[in-house]
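Visitor: Handing you a structure now.
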Amino acid sequence: MESLYRKLAAASDEYEFDVDMNAGALTIEFEEPRERFVVSPNSPVRQIWVSAHVKSYKLDWNGSAFALEDGRTLEQLIADAIRVRIPEFTL
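Just so you know, we're using my numbering here: the sequence shown kicks off at 125 and counts up by one.
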């Protein structure tokens, strides 16, 4: 999560969104239209939960990374979610 936070923080000025990390949870906020993505660890079940675009995702630990059933990693999921708003976004 720290690595993802650093990458998003570096990109946030160029792509005009805010990113914050507080108590292990990562938030990404957009102004117009107003929207927030939340990334939260759920340590007891070894998952990361993501809320983005009125959907929720649960990523499981696969031995090397947190990933969805389709194989996308947390970083890929977040980049895909941001690209819905900012098509030219790269992470």
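The C-beta atom is built at its ideal place from N, Cα and C for all residues, glycine as well.
Since the model is a prediction, treat every value here as computed from it, not as a measurement.
Is PHE190 near ILE172, with beta carbons less than 7 Å apart?
Guide: Yes, the pair counts as a contact, with Cβ atoms nearer than the cut-off.
Visitor: Measuring alpha carbon to alpha carbon, tell me which of VAL178, ALA176, ARG170 and HIS177 ends up nearest GLY187.
Guide: Ranking the options by Cα distance to GLY187, first place goes to ARG170.
Visitor: Between PHE161 and chain C, is there a C-beta pair that is closer than 7 Å?
Guide: The chain inventory of the structure shown lacks chain C, comprising one protein chain alone.
Visitor: Let me know the secondary structure DSSP gives ARG158 once reduced to three states.
Guide: coil
Visitor: If you count every other CB in all the chains shown that lies within 10 Å of the CB of ALA134, and 16 or more means buried, which is it?
Guide: The residue in question, ALA134, is exposed, as its Cβ has fewer than 16 Cβ neighbours within 10 Å.
Visitor: Which residue from LYS182, ALA203, GLU153 and ILE202 puts its Cα closest to that of GLU193?
Guide: LYS182
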